[in-house]
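*Asks:*
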Amino acid sequence: MTALLEVNDLHVGYGKVEAVRGVSMSIQPGQIVTVIGPNGAGKTTMLSALMGLLPSRGTIRYEGQDLQRLDVEERVQRKLCLVPEKRELFGEMSVADNLLLGAYSRRYKSSDFQERLAAVYEQFPRLAERRRQQANTLSGGERQMLALGRALMSQPRLLLLDEPSLGLAPLIVREIFQIIASLRKAGVSILLVEQNARAALETADYGYVLETGEIAHHGPAQELLQDPRLMTAYLGGAA
Amino acid sequence: MTAEIALILGVDGIATGAIYVLVALGIVLIFSVTRVVFVPFGDLAAFTALTLAALQSGQLPGTVWLVAVVAGLTLLAEAARLVRSGRARKIPSFAAVYFVLPMIPVLLCIALAQTDMPMAIEVILAVLLVLPLGPLLNRLAFRPIADAPVLVLLIVAVALHFALAGLGLIFFGPEGFRTEPLSDAIYEIGGTVVSAQAMLVVLASVVFMGLLYLFFEFTHTGKALRATAVNRVGARLMGIRPTVTGDVAFLLASLLAGVAGVLIGPITSIYYDSGFLFGLKAFVGAIIGGLVSYPITALGALFVGLLESYASFWNSAFKEVVIFSFLIPVLLWRSISAASHEEEEEEE
Ligand SMILES: Nc1ncnc2c1ncn2[C@@H]1O[C@H](COP(=O)(O)OP(=O)(O)OP(=O)(O)O)[C@@H](O)[C@H]1O
Ligand SMILES: [Mg+2]
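Line order of the protein sequences matches chains A and B.
With the UniProt record's numbering as the guide, the letters of the first sequence map in order to residues 1 to 239.
With the UniProt record's numbering as the guide, the letters of the second sequence map in order to residues 1 to 348.
See below:
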């Protein structure tokens, strides 16, 4: 089976400082892969490079194609989609317009588009209630939902999620992880960056631990969950 | 000043103001989508008026050479860029849109200029000729430095204005021209005379404002333009290309400039460099709107027109001084409200 995403020896830097140093990883179709690690490890930097927002060295193959030759918009066109750490919503536009623009890279064939919109509203009833509200007046949690909903409107094949549970109440965190798990059933592969290491590993198939720009550990998520070293470092002691 | 004079000046001011509204909206449109303060914007309006004047006197307007030169330079620059980045295969499609398309009105004009055309055709031809200049200048001058700070973009815009004024002098000559009024009819309304020309001006700006509103509110492209203005990174992540939305913004703005040029031509004599002052006055309106708000910009530009009209009655030599001194309180108010705005954002 060929990997959906195959990253080899990726280096990303800000000026002279390298924030990601020789990262290699792969994602199989239909997999959820998580990347965990302390603050400043380079997780966000890595996702930005995968999306083409930052220049990088090393190879990135997506569906067998070399991504380094494509710019951000061309990667979006190939159904790669990033929900960035800062969300980057269209603050002065309505919830409905944000979702509409999420589908910009797809055809607005009306029935198809309406179906997706209905599905997103069904998944996030809060957004449906607030469809006329401006995005920058949403609560923190509602913004996360909008960011995720907007990403889903583009029918991604590989979804890059940067801390989707950031700042959410525990109940909603559970909901978000359920949605992530349900996306896999719908055939979406996911690269999940999370601080919430336990929940991420419980949802994921495979995990990588990033430390100061390098992969420190990796393995099937279940194994990482049992690993006593990780337990103490990231998972808050013995469970 | 009697009430009657005040009324006449008011009508006059509204008519001029309505033209400033079109130009100011174009300036805001370009700035919000591309962050470029497009100084040569008034030049586009002036060139349209000069083009129309030439067509009306049965001469070939210098605009055809201007457009040909700019389109040629743009094609060369972009082709070089594409070859360097290993995308030479994209040259033909670029040439089709950015060279062949602008050359169609040019050729049309060369074929038709000496013939006797109805006024409507002349107007359309003049606007079509100037239309491509916006997107072309965007590609030529601003695309290569799209990520530069606003100040650098502004400096380039100023340089571009001088380059355009120079080309304007070469292609249009130093004489001033006035175009024929679109209509000579005069009506009496509420005790004051109103020319059909003035009513046409107001009507045109209202119609174009309405179209702009519909475009932004109800079309996908319009929403993509707004998205680019609100959040460029967010837009890119949705697959919206800021270069493309930038071109669309420049194209729409060119249209507004063209219409403004057609409308101002009969009101005042236009020279190759009239555009600068013209743009600057509209810019005052745009500043009132903080370079973001379309409705406040429109009100601001209308106000500038009225101010100019009354100021020229009291002391015609000082009317520009009055308008530009008005910038000082506006800028003060702007910087105060901007400061409180930033505090709000920091709290987020
Ligand atoms: N624009 C920038 N310029 C310079 N250094 C940067 C820039 N952005 C990030 N860095 C540095 O790169 C390193 C990695 O940052 P990054 O945001 O990728 O970490 P992260 O793993 O996502 O952390 P967190 O969990 O806190 O989100 C950090 O040391 C950070 O200070
Ligand atoms: Mg991060």
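Built from N, CA and C at the ideal position, the CB exists for glycine as well.
Please read these numbers as outputs of a predicted model, since none were measured by experiment.
Do the region 19–34 of chain A and the region 181–188 of chain A meet, that is, are 3 or more Cβ pairs less than 8 Å apart?
*Replies:* Verdict: yes, contact present.
*Asks:* Going by DSSP, what residue range makes up the beta strand (DSSP E) through V72 of chain A?
*Replies:* Not the beta strand (DSSP E): V72 of chain A falls in the alpha helix (DSSP H), residues V72 to Q77.
*Asks:* For A128 of chain A, collect the residues of the same chain with a Cβ closer than 6 Å to its Cβ; drop the 5 residues on either side in sequence, then sort them by chain order.
*Replies:* Closer than 6 Å at the Cβ level, and outside the excluded window around A128 of chain A, lie Y121.
*Asks:* Within 10 Å of its beta-carbon, does R87 of chain B have 16 or more other beta-carbons around it, so buried, or fewer, so exposed?
*Replies:* It counts as exposed.
*Asks:* Establish whether the CB of R236 of chain B and some CB of chain A are separated by less than 8 Å.
*Replies:* So, interface residue.
*Asks:* Using a Cβ distance threshold of 8 Å, determine whether the region 91–102 of chain B contacts the region 61–81 of chain B, with at least three qualifying pairs required.
*Replies:* Contact holds: three or more Cβ-Cβ distances are below 8 Å.
*Asks:* CA-CA distance, P38 of chain A and M231 of chain A?
*Replies:* Computed Cα separation, rounded: 13 Å.
*Asks:* Just reading off the beta strand (DSSP E) that L230 of chain A is part of, what are its end residues?
*Replies:* Premise fails: L230 of chain A lies in the alpha helix (DSSP H), P228 to Y234, not in any beta strand (DSSP E).
*Asks:* On the CB-based measure, 16 or more other CB atoms within 10 Å of its CB, does G108 of chain A come out buried or exposed?
*Replies:* The sequence shown places Tyr at residue 108 of chain A, not Gly. Classification for Y108 of chain A: exposed.
*Asks:* Can you list, in chain order, the residues of its chain with a C-beta nearer than 7 Å to that of V330 of chain B? Leave out the 5 residues immediately preceding and following it.
*Replies:* Around V330 of chain B: I287 and I288.
*Asks:* Measure the Cβ-Cβ separation of Y62 of chain A and L4 of chain A and say whether it is below 8 Å.
*Replies:* A contact, by the Cβ cut-off of 8 Å.
*Asks:* S325 of chain B: which of B:E308, B:L129 and B:V39 sits nearest, CA to CA?
*Replies:* Of B:E308, B:L129 and B:V39, the residue nearest in Cα terms is B:E308.
*Asks:* Let's test the definition: count the other Cβ atoms within 10 Å of the Cβ of V152 of chain B and tell me whether it reaches 16, buried, or not, exposed.
*Replies:* Exposed: under 16 other Cβ atoms inside 10 Å.
*Asks:* Return the residue from the list B:T48, B:S85, B:T115 and B:P118 that minimises the CA-CA distance to V262 of chain B.
*Replies:* It is B:T48 whose Cα lies nearest to the Cα of V262 of chain B.
*Asks:* Is any heavy atom of ligand 2 found at a distance shorter than 7 Å from the C-beta of T212 of chain A?
*Replies:* Flag unset: Cβ of T212 of chain A not near ligand 2.
*Asks:* In this structure, what does DSSP give as the bridge partners for L210 of chain A?
*Replies:* In DSSP, L210 of chain A forms a bridge with A:I215.
*Asks:* Note down, in chain order, all residues in the region 88–109 of chain A with a beta-carbon under 7 Å from any beta-carbon belonging to chain B.
*Replies:* Flagged, chain order: E88, L89, F90, G91, E92, M93, D97, L100, L101, G102, Y104, S105 and Y108.
*Asks:* Can you pull the chain B residues whose beta carbon is under 7 Å from the beta carbon of E73 of chain A, in chain order?
*Replies:* By Cβ distance, chain B contributes R236, G239 and R241.
*Asks:* In chain order, what residues of the same chain have a beta carbon less than 7 Å from the beta carbon of V158 of chain B, not counting five sequence neighbours either side?
*Replies:* Cβ neighbours of V158 of chain B beyond the five flanking positions: V39.
*Asks:* Taking 7 Å as the limit, tell me which residues put their C-beta closer than that to any heavy atom of ligand 2, in chain order.
*Replies:* Qualifying residues, in the order they occur: A:K43, A:T44, A:E85, A:D162, A:E163 and A:V193.
*Asks:* For the region 79–89 of chain A and the region 229–249 of chain B, state whether three or more C-beta atom pairs, one from each stretch, are separated by less than 8 Å.
*Replies:* They touch, by the three-pair rule.
*Asks:* Would you be able to state if there are at least three C-beta pairs under 8 Å between the region 14–21 of chain B and the region 197–204 of chain B?
*Replies:* Short answer: they touch.
*Asks:* I'd like the span of the beta strand (DSSP E) that includes A41 of chain A, first residue to last.
*Replies:* Note, A41 of chain A: premise wrong, no beta strand (DSSP E); not H, not E.
*Asks:* Taking all protein chains shown into account, do 16 or more other C-beta atoms lie within 10 angstroms of the C-beta of H161 of chain B, making it buried, or fewer, making it exposed?
*Replies:* Counting Cβ neighbours within 10 Å, H161 of chain B comes out buried, since at least 16 surround it.
*Asks:* Flag Q77 of chain A as yes if its beta-carbon sits less than 8 Å from any beta-carbon of chain B, otherwise no.
*Replies:* Chain B contact via Cβ: present.
*Asks:* Looking at chain B, is there any beta carbon in it that lies within less than 8 Å of the beta carbon of S154 of chain A?
*Replies:* Yes, because at least one Cβ of chain B sits closer than 8 Å to the Cβ of S154 of chain A.
*Asks:* In the structure shown, what three-state DSSP assignment does E347 of chain B receive?
*Replies:* Bear in mind that the predicted position of E347 of chain B carries a pLDDT of just 41, short of 50, making it unreliable; the figure below should be weighed with that in mind. In this structure, E347 of chain B counts as helix in the three-state DSSP scheme.
*Asks:* Below 9 Å on C-beta distance, what does P84 of chain A contact in chain B?
*Replies:* Those within 9 Å of P84 of chain A in chain B are V233, G234 and L237.
*Asks:* Grouping DSSP H, G and I as helix and E and B as strand, with all else coil, what is E188 of chain B?
*Replies:* In this structure, E188 of chain B counts as strand in the three-state DSSP scheme.
*Asks:* Suppose you measure from the CA of E320 of chain B to the CA of G91 of chain A; what does that come to, to the nearest Å?
*Replies:* Rounded to whole angstroms, E320 of chain B to G91 of chain A spans 38 Å at the Cα level.
*Asks:* Can you check whether the CB of V33 of chain B is closer than 8 Å to the CB of A298 of chain B?
*Replies:* Cβ atoms of A298 of chain B and V33 of chain B: not closer than 8 Å.
*Asks:* Taking a cut of 7 Å between CB atoms, which residues from the region 142–160 of chain B lie near chain A?
*Replies:* Of all residues in the region 142–160 of chain B, none has a Cβ within less than 7 Å of some Cβ in chain A.
*Asks:* May I ask which residues mark the beginning and end of the alpha helix (DSSP H) holding E122 of chain A?
*Replies:* Its alpha helix (DSSP H) spans residues S110 to Q123.
*Asks:* If you measure from the CB of N136 of chain A, is any heavy atom of ligand 1 nearer than 7 Å?
*Replies:* N136 of chain A: no, Cβ never under 7 Å from ligand 1.
*Asks:* Identify the continuous beta strand (DSSP E) that holds A19 of chain A and give its terminal residues.
*Replies:* Its beta strand (DSSP E) spans residues V17 to I27.
*Asks:* For R226 of chain B and chain A, any beta-carbon pair shorter than 8 Å?
*Replies:* True, the Cβ-Cβ gap to chain A drops below 8 Å.
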